[in-house]
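The numbering used here numbers the first residue of the sequence shown as 5 and each following residue consecutively. Glycine included, each C-beta is placed from N, C-alpha and C at the ideal position. Written below as C-alpha cells is the structure these notes are about.
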Amino acid sequence: MDLNRCEAYAQCAFQAPDVFAMHGEEALMYEPCPGDERREQVMRAAASCPVQAILVEWPGGPAVPEGAATGARG
C-alpha cells in the first residue's frame, strides 16, 4: 500500500471491508497480511483503486500491480 499515493477515495474499503477501513475522512487503516481467504476481495480492491495505490504481494508469488492483476486501469 502506497499511503503517499492514496487519496482516500475509499474504493478499497467498499471492496474489502475486512482488510481496508477509513478512519476519519482521510486516514486509511489496513491489514498488511490478509489471509488467502481474502485474496479475491483484495484483488478487487486493488483493481478499484483509481490512483493504483495498492500493490498486491502473496507469499511465494511476485508483486502484482493493480492493472497487471486484472487488466483493469484506474
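If you measure between the beta carbons of residue i and residue j, is that distance less than 8 Å?
| i | j | result |
| --- | --- | --- |
| A20 | R48 | yes |
| A51 | C10 | no |
Could you tell me the boundaries of the alpha helix (DSSP H) in which residue i lies?
| i | result |
| --- | --- |
| A51 | R43 to S52 |
| A17 | Q15 to Q19 |
Measuring only the C-alpha atoms, how far is residue i from residue j?
| i | j | result |
| --- | --- | --- |
| A31 | Y13 | 11 Å |
| D6 | E41 | 23 Å |
| R77 | P54 | Confidence is the limiting factor: at R77 the pLDDT is only 36, short of 50, which leaves the residue's position unreliable and the question unanswerable from this model. |
| E35 | N8 | 17 Å |
Going by DSSP, name the residue or residues bridged to residue i.
| i | result |
| --- | --- |
| A31 | H27 |
| V55 | In the DSSP output, where bridge partners are listed per residue, V55 has none listed. |
Is the closest heavy atom of the ligand GTP to the C-beta of residue i under 7 Å?
| i | result |
| --- | --- |
| C16 | Ligands in the displayed structure: none, and consequently the ligand GTP is not present. |
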